[in-house]
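Chemist:
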Amino acid sequence: MSKKVTMQQIADHVGVSKFAVSKALAGKSGVSAETREKIIGAATQLGYFVQKKTKTTGSKASSGPSEKSQGDTIIVLIPNVRYQNRHSFYWGRIIDGITNGLEEHRIGIMIVTEHITDNFAKLINPDGVLGLIGVGLISNQLLLEIRNLGIPFVMVDHEDPLIPSDSLFMNNYECVRRVTNYLIGNGHRKLQFVGNIRYSRSFTDRWLGYRSILEEQDIPLGQDPRLLSFEGENRSEMTEALDVILHDLQREQGLPTAFVCANDSIAICVMTVLMKMGIDIPGQVSVTGFDNIEDAAMSKPTLSTVHVNKEALGQRAVETLLWRIAHADGPKERILLSGDFVVRESTGPARE
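In the numbering used here, the protein residues as written are 921 to 1272.
1) Out of Glu1172, Ser1156, Arg1171 and Val1262, which has the shortest C-alpha to C-alpha gap to Met1191?
2) Contact check, Asp1077 vs Ser1122 under 8 Å by CB: the rounded distance?
3) Nearest CA to the CA of Pro1221: which residue from Glu1153, Ile1071 and Glu1265?
4) Mind checking which residues open and close the alpha helix (DSSP H) that includes Leu1194?
5) Specify, as a first and last residue, the run of the beta strand (DSSP E) that Phe1261 falls within.
6) With a threshold of 7 Å, establish whether the CB of Val1190 neighbours any heavy atom of the ligand SAM.
7) Where Glu957 and Glu1151 are concerned, what is the direct C-alpha to C-alpha distance, given to the nearest angstrom?
8) I need the straight-line Cα distance from Gly978 to Arg1244, nearest angstrom please.
9) For Glu987, name the three-state secondary structure that DSSP assigns.
10) Per DSSP, what kind of secondary structure is Gly1054 in: helix, strand or coil?
11) For the region 1211-1218 against the region 1170-1181, are there 3 or more C-beta pairs whose distance is under 8 Å?
12) By Cβ distance, which residues of its chain are closer than 8 Å to Ala946, with the 5 residues on each side in sequence left out?
13) According to DSSP, is Thr926 part of a helix, a strand, or is it coil?
14) Which of the three DSSP states, helix, strand or coil, is assigned to Ser942?
15) Keeping to the same chain, check which residues put their C-beta closer than 6 Å to that of Gly950; ignore five residues upstream and five downstream.
16) Which two residues bound the contiguous alpha helix (DSSP H) that contains Ser1132?
17) Alpha carbons only, please: which of Ile1188, Asn1154 and Ile1201 is nearest the one belonging to Leu1175?
18) Tell me, please, which residues DSSP counts as bridged to Gln1112.
19) With DSSP as the reference, label Gly1028 as helix, strand or coil.
20) Measuring straight from C-alpha to C-alpha, what distance separates Gln1112 and Asn1229?
21) Which residue comes first and which comes last in the alpha helix (DSSP H) that contains Ile1165?
22) So, with DSSP's three-state summary, where would you put His1227?
23) Contact defined as beta carbons within less than 8 Å: I believe Leu1062 pairs with Phe1040. What is the distance between those atoms, to the nearest angstrom?
24) So is Glu1079 buried or exposed if we call it buried at 16+ other beta carbons inside 10 Å?
25) What's the gap between the Cα of Met1158 and the Cα of Ile1186?
26) Please classify Asn1212 as buried or exposed, where buried requires at least 16 neighbouring CB atoms within 10 angstroms.
27) If you count every other CB in all the chains shown that lies within 10 Å of the CB of Arg1013, and 16 or more means buried, which is it?
28) State the start and end residues of the unbroken alpha helix (DSSP H) segment that holds Leu1103.
29) Given that a residue counts as buried once 16 or more other Cβ atoms are within 10 Å of its Cβ, and exposed if not, what is Asp1273?
30) Do you know offhand how far Leu1162's Cα is from Ile1053's?
31) In chain order, what residues of the same chain lie with their CB nearer than 6 Å to the CB of Asn1101, ignoring the 5 residues before and after it?
32) For the alpha helix (DSSP H) that contains Leu997, what are its first and last residues?
33) With respect to the alpha helix (DSSP H) encompassing Ile1066, which residues constitute its N-terminal and C-terminal limits?
34) Which residue or residues does DSSP assign as beta-bridge partners of Arg1254?
35) Decide if Leu1241 is buried, meaning its Cβ has at least 16 other Cβ atoms within 10 Å, or exposed.
36) Assuming the contact rule is C-beta atoms closer than 8 Å, Tyr1130 and Val1074 should be a hit. Round their C-beta distance to whole Å, please.
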């Protein structure tokens, strides 16, 4: 048997105190984000997390969730972000899918909004919790505390590189490849990707899919870096940021014939700016989105986008968590769901 990895070893490896390591690994405040990341990285590298098992065991799981042998509630954890809530066109539908999935199994649900606290256990009773589903971006500080409490958890549309877990995503890479290939087939050779690629893993994967198909088709990338880094917490702020960039592109005669947007809200903002500039969509410029929120079918023009079955994503998260509860030591899974490209009025052949 390998020798147990201690906190002192991690402290020596990073060059910090054992107290700082204890704080960081418990998911508590008191250390900077940069130091916490170094400590978690060292703990992962040294195998500290491998030796820590969750409280769930095969014997417990064999009784099945319906018998409620330990815990009868599943927590749905959502970030403390204005637009990422149950009323959201995107996140709300995922939560609906989770709720329906849990109702089918007659399991209780508790929705908790993420707050940075010194002890997540103060908000819940860990012994009454069967498992947890995280929806969207959850801080690694909180993920560490959940892990240390021994609660099985699954992430939807997010994964932490330092804290392994089961995760579910759309197949973002392949879906955007399909969208971009469609535009190329319609004669578009001057394209731009739009979306802050640091915002989420999904945005990064969509950017990589877009970039890869251009490289395969031997089409110059010519990407404006500002379109990969602009920020805005709502459509008003994003439209304001994009207005400056798109006017600059027009002034420099650098407007593309097609914009591939990381999601529908960004695409709608792009169309809003283009129409204010007097640019015809899709006569002069085509625009695509991702997610197929309700607004995509109601925009003018209607938006071509990738349809995400959001309810199915939530229901699959429930099934994945129940499998994890029954197989605590099984390998972690990264599940990818496919999506369909819905062609609407915002895309057309490239202008000669």
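Idealized CB from N, CA, C, for every residue including glycine.
Modeler: In terms of the structure at hand:
1) Ser1156
2) 6 Å
3) Glu1265
4) Asp1184 to Lys1196
5) Asp1260 to Val1262
6) Absence of the ligand SAM is noted for the structure shown, with no ligands found whatsoever.
7) 24 Å
8) In this prediction, Gly978 scores a pLDDT of 40, lower than 50, which makes its location untrustworthy; the coordinate-derived value is nonetheless stated afterwards. Going by the C-alpha atoms only, they are around 10 Å apart.
9) Below a pLDDT of 50, predicted positions are generally treated as unreliable, and Glu987, at 43, falls in that range; the measurement from the model is reported next regardless. It is helical.
10) strand
11) no
12) Leu1064, Glu1065 and Asn1068
13) coil
14) helix
15) Lys943
16) Arg1121 to Glu1136
17) Ile1201
18) Phe1179
19) strand
20) 26 Å
21) Arg1155 to Arg1171
22) strand
23) 6 Å
24) buried
25) 7 Å
26) buried
27) buried
28) Asn1092 to Gly1105
29) As shown, the chain starts at 921 and ends at 1272. That puts residue 1273 outside it, with no answer to give.
30) 34 Å
31) Ile1133
32) It is not in any alpha helix (DSSP H) - Leu997 instead sits in the beta strand (DSSP E) that spans Thr993 to Ile998.
33) Asn1060 to Asn1068
34) Ser1087
35) buried
36) Actually they do not touch by this definition, with Cβ atoms about 28 Å apart.
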